[in-house]
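The structure appears right after this line, and notes come after that.
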Amino acid sequence: MQTAQRVISDYRRRRLIVCILFTTLVFVLTLTIKFITERQLNEQRLLHFSERAVSTVETLLAPFDMLFQDALPLMVLPCENVQRTLREHTARVPTVRSISLVKNGIIYCSSVFGSTDYNIQTMHPRLPTPTPLLLLSIDRLINKGSPILISWRPVPTHSNDGVIQVINLSMLAGFIQYTDVPWIDKTILNIADSHFEYTHGIVNTIEVSADQVRQDIFSEHYPFSITTVGPSATILALNNLPSQLPLAIVLSLLAGTCAWFMTAKRMSFFHEIHMGLAAREFEVYCQPLIHADSGECVGIELLLRWHNPRQGNISPDGFIPLAEQLNLIVPLTCFVLRETVKYLDQLPKMNGFHISLNVAARHFKNGAIIEDLSRYWFPAHPQQILILELTERDALPQVSHQVVRDLHHSGVRLAIDDFGTGHSSLAYLETLSPDILKIDKSFTAAIGTDAVNSKVTDMIIALGHRLNIELIAEGVETPEQADFLRKQGVSLLQGYLYAKPMPLTQFPYWLENHDMVISRQKTADIT
Ligand code: C2E
Ligand code: CA
Ligand code: CA
Numbered sequence: 041m042q043t044a045q046r047v048i049s050d051y052r053r054r055r056l057i058v059c060i061l062f063t064t065l066v067f068v069l070t071l072t073i074k075f076i077t078e079r080q081l082n083e084q085r086l087l088h089f090s091e092r093a094v095s096t097v098e099t100l101l102a103p104f105d106m107l108f109q110d111a112l113p114l115m116v117l118p119c120e121n122v123q124r125t126l127r128e129h130t131a132r133v134p135t136v137r138s139i140s141l142v143k144n145g146i147i148y149c150s151s152v153f154g155s156t157d158y159n160i161q162t163m164h165p166r167l168p169t170p171t172p173l174l175l176l177s178i179d180r181l182i183n184k185g186s187p188i189l190i191s192w193r194p195v196p197t198h199s200n201d202g203v204i205q206v207i208n209l210s211m212l213a214g215f216i217q218y219t220d221v222p223w224i225d226k227t228i229l230n231i232a233d234s235h236f237e238y239t240h241g242i243v244n245t246i247e248v249s250a251d252q253v254r255q256d257i258f259s260e261h262y263p264f265s266i267t268t269v270g271p272s273a274t275i276l277a278l279n280n281l282p283s284q285l286p287l288a289i290v291l292s293l294l295a296g297t298c299a300w301f302m303t304a305k306r307m308s309f310f311h312e313i314h315m316g317l318a319a320r321e322f323e324v325y326c327q328p329l330i331h332a333d334s335g336e337c338v339g340i341e342l343l344l345r346w347h348n349p350r351q352g353n354i355s356p357d358g359f360i361p362l363a364e365q366l367n368l369i370v371p372l373t374c375f376v377l378r379e380t381v382k383y384l385d386q387l388p389k390m391n392g393f394h395i396s397l398n399v400a401a402r403h404f405k406n407g408a409i410i411e412d413l414s415r416y417w418f419p420a421h422p423q424q425i426l427i428l429e430l431t432e433r434d435a436l437p438q439v440s441h442q443v444v445r446d447l448h449h450s451g452v453r454l455a456i457d458d459f460g461t462g463h464s465s466l467a468y469l470e471t472l473s474p475d476i477l478k479i480d481k482s483f484t485a486a487i488g489t490d491a492v493n494s495k496v497t498d499m500i501i502a503l504g505h506r507l508n509i510e511l512i513a514e515g516v517e518t519p520e521q522a523d524f525l526r527k528q529g530v531s532l533l534q535g536y537l538y539a540k541p542m543p544l545t546q547f548p549y550w551l552e553n554h555d556m557v558i559s560r561q562k563t564a565d566i567t
């Protein structure tokens with residue numbers, strides 16, 4: 041059987057486990073959510089950056105169309121007449137380094153050099169082509185060795201004639217490179233098979249290490265793409281996790297505290313008793329009261345049992361004091377009353393058969409016990425006599441004289457339970473005017489010993505006789521104790537010597553057997 045302390049510490053342990061689990065769950069969840077959102081954010085940042093880089097390059101390339109359209113009519117004029125205009129065009133767009141006019145594959149006029157006769161292939165071996173072309177190259181004429189972007193636009197009908205525009209790539213790079221963001225290691229502009237990487241110039245291959253990821257975004261309007269290379273969004277998010285620890289700790293502690301308060305009621309003994317009542321885990325037992333002289337069973341004491349499937353059987357000494365503390369003793373007593381009333385027909389109806397109910401003193405407060413008896417007991421018109429046994433666990437002042445008087449008028453008998461063990465037994469005598477004193481089993485056990493308790497037993501018995509109060513001795517375990525008590529004039533005996541507490545439903549069978557034994561004894565005594 042479970043004791044109160046074990047049951048309560050079990051609850052506290054389970055509650056603690058639930059709260060720790062909940063705290064851990066919130067901690068892990070917070071970090072997971074932070075990790076997922078951070079990873080998504082990193083992916084979005086990278087995408088957003090690449091798209092912006094593409095649109096920046098597109099914006100820079102846009103004036104090429106306009107400049108080409110402006111330069112085309114100039115091709116019919118001699119270079120001396122158009123050089124100035126070409127310079128003006130160049131000055132209009134800061135990223136454009138030069139504009140050159142080409143005829144029969146020869147650069148014959150340049151915004152920088154004026155009249156020239158360079159073969160166009162000195163700029164790039166792939167030129168000229170019949171279709172417009174963008175090329176990454178190295179400047180071989182002006183700022184030698186610096187990376188440039190060449191835009192070749194042929195005249196529609198003569199593929200060897202056209203306009204060459206050169207963009208200063210180091211300026212372009214400034215627009216697309218963000219050096220100080222952790223999610224990008226390098227940004228590369230790809231045109232055909234050539235790649236331009238800021239700080240590295242034109243490179244043949246894009247190098248991506250094992251812990252880096254590469255993303256390519258293609259322009260929809262021009263033949264280029266932007267490649268970004270950087271740490272994977274997952275690794276970045278993982279690296280960022282330690283900075284989320286304080287938030288996760290605060291949130292999980294908050295959640296744990298909330299869980300602790302929220303489980304206070306649900307995971308408590310209070311809740312457990314309620315559940316037990318609803319699930320009919322309680323059962324009414326009874327223990328026979330034996331007439332000391334005749335040996336006949338003249339009553340029973342109702343005792344509650346709790347078959348708790350979660351905790352095992354819990355002894356009344358475990359749950360009754362707690363139920364009293366938690367204000368749940370009244371519903372439990374009402375349960376005993378209802379169950380007993382249901383079973384009244386099966387119990388002996390002979391005159392004076394006692395049914396003894398343990399009642400907490402607080403049940404007497406404001407006459408609540410009378411209300412409950414009026415609801416459950418009196419309407420059944422029982423022929424048996426009801427005894428209310430009061431223990432001194434509760435404070436005495438809660439028992440009012442009026443309630444005591446009303447109970448006496450209703451034929452209910454009052455007993456002081458465990459008499460002599462509490463500190464106010466004698467005061468109780470006055471307040472309750474009891475009909476019965478129940479000698480506690482600790483005093484019964486002392487009979488025949490040298491213990492001080494054995495003297496107290498004598499005194500209680502003497503007191504009972506003196507005040508003309510009936511005596512019941514509980515915890516009678518040996519024939520010697522029974523003999524002593526009988527000789528001392530204790531009228532009713534209760535204890536394992538006669539029967540252990542049994543389910544109320546089994547009592548009629550026990551009684552039948554007991555009556556047979558008694559009548560056999562009587563017959564034997566006569567003969
Ligand atoms: P109690 O009212 O003093 O009940 C007598 C206790 O002594 C019972 O324990 C009974 O089983 C035990 N007992 C009976 N004969 C012997 C014996 O010969 N030897 C020994 N060693 N013990 C014996 P139980 O049923 O465990 O109940 C313990 C206490 O719990 C009761 O003490 C009573 O104060 C309380 N209780 C039990 N049922 C109820 C109830 O329905 N309402 C209230 N308010 N209290 C109850
Ligand atoms: Ca009792
Ligand atoms: Ca007792």
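For what it's worth, this note's numbering labels the leading residue of the sequence shown as 41, then goes sequentially. Idealized CB from N, CA, C, for every residue including glycine. Owing to the predicted nature of the structure, the values given are computational and were not obtained by experimental measurement.
Endpoints, alpha helix (DSSP H) assigned at residue i
| i | result |
| --- | --- |
| Asp566 | Sequence inspection shows Ile at residue 566; the Asp mentioned does not correspond to that position. From DSSP, the alpha helix (DSSP H) with Ile566 extends over Phe547 to Ile566. |
| Ile410 | Ala408 to Asp412 |
| Gly358 | Pro356 to Gln365 |
| Phe404 | Segment: none, Phe404 is in no alpha helix (DSSP H) and carries neither H nor E. |
| Asp446 | His441 to His449 |
| Ile33 | Absent from the model: residue 33. The displayed extent of the chain is 41 to 567, so no value can be given. |
| Asp385 | Careful: Asp385 lies outside any alpha helix (DSSP H) and carries neither H nor E. |
| Pro519 | Pro519 to Lys527 |
Run of the beta strand (DSSP E) containing residue i, from where it starts to where it stops
| i | result |
| --- | --- |
| Phe459 | Arg453 to Phe459 |
| Lys226 | Lys226 to Ile231 |
| Lys478 | Ile476 to Ile479 |
| His256 | Looking at the sequence provided, one finds Asp at residue 256 rather than His. Asp256 -> beta strand (DSSP E) spans Gln252 to Phe258. |
| Ser234 | Ser234 to Glu237 |
| Pro422 | Here Pro422 belongs to no beta strand (DSSP E), and DSSP marks it neither H nor E. |
| Leu511 | Glu510 to Ala513 |
| Ile500 | Premise fails: Ile500 lies in the alpha helix (DSSP H), Val492 to Leu507, not in any beta strand (DSSP E). |
| Val122 | Run containing Val122: none in the beta strand (DSSP E); it sits in the alpha helix (DSSP H), Cys119 to Arg132. |
| Ala246 | Going by the sequence as given, residue 246 is Ile instead of Ala. Run containing Ile246: none; DSSP gives neither H nor E here. |
Length of the line joining the Cα atoms of residue i and residue j
| i | j | result |
| --- | --- | --- |
| Lys184 | Met163 | 11 Å |
| Lys425 | Arg453 | The residue you asked about is not Lys; residue 425 is Ile in the sequence shown. Cα-Cα distance, rounded: 7 Å. |
| Val399 | Asp475 | 15 Å |
| Val206 | Val253 | 32 Å |
| Pro103 | Leu293 | 60 Å |
| Glu364 | Ile354 | 15 Å |
| His421 | Glu411 | 15 Å |
| His240 | Thr77 | 34 Å |
| Leu114 | Val133 | 18 Å |
| Thr461 | Asp446 | 27 Å |
| Leu511 | Ile501 | 7 Å |
| Phe309 | Leu366 | 9 Å |
| Ser531 | His331 | 6 Å |
| Ile178 | Ile188 | 6 Å |
| Thr380 | Val324 | 8 Å |
| Gly335 | Asp523 | 11 Å |
| Lys478 | Val370 | 22 Å |
| Asn144 | Ser199 | 8 Å |
| Ala319 | Leu281 | 48 Å |
| Arg345 | Thr373 | 12 Å |
| Phe459 | Gly535 | 16 Å |
| Gln109 | Leu173 | 16 Å |
Residues that residue i bridges to, as DSSP identifies them
| i | result |
| --- | --- |
| Ser49 | Answer is none; Ser49 lacks a bridge partner. |
| Phe322 | Trp346 |
| Leu430 | Val399 and Ile456 |
| Gly339 | Leu329 and His394 |
| Pro543 | Tyr325 |
| Val269 | Lys226 and Arg254 |
| Leu533 | Ile330 and Ala513 |
| Gly241 | Glu237 |
| Ile207 | Val136 and Leu189 |
| Gly296 | For Gly296, which the question treats as bridged, DSSP gives no partner whatsoever. |
| Gly352 | Asn348 |
Cutoff 9 Å: residue i Cβ touching any chain D Cβ
| i | result |
| --- | --- |
| Asn208 | Here chain D cannot be found, since the structure has a single protein chain. |
What does the shell around ligand 3 hold, if a residue joins when its beta-carbon is under 5 Å from any heavy atom? Asp458 and Asp480
What ranges does the alpha helix (DSSP H) occupy inside the stretch 135-202, keeping only unbroken runs of at least 4 residues that lie completely in it? none
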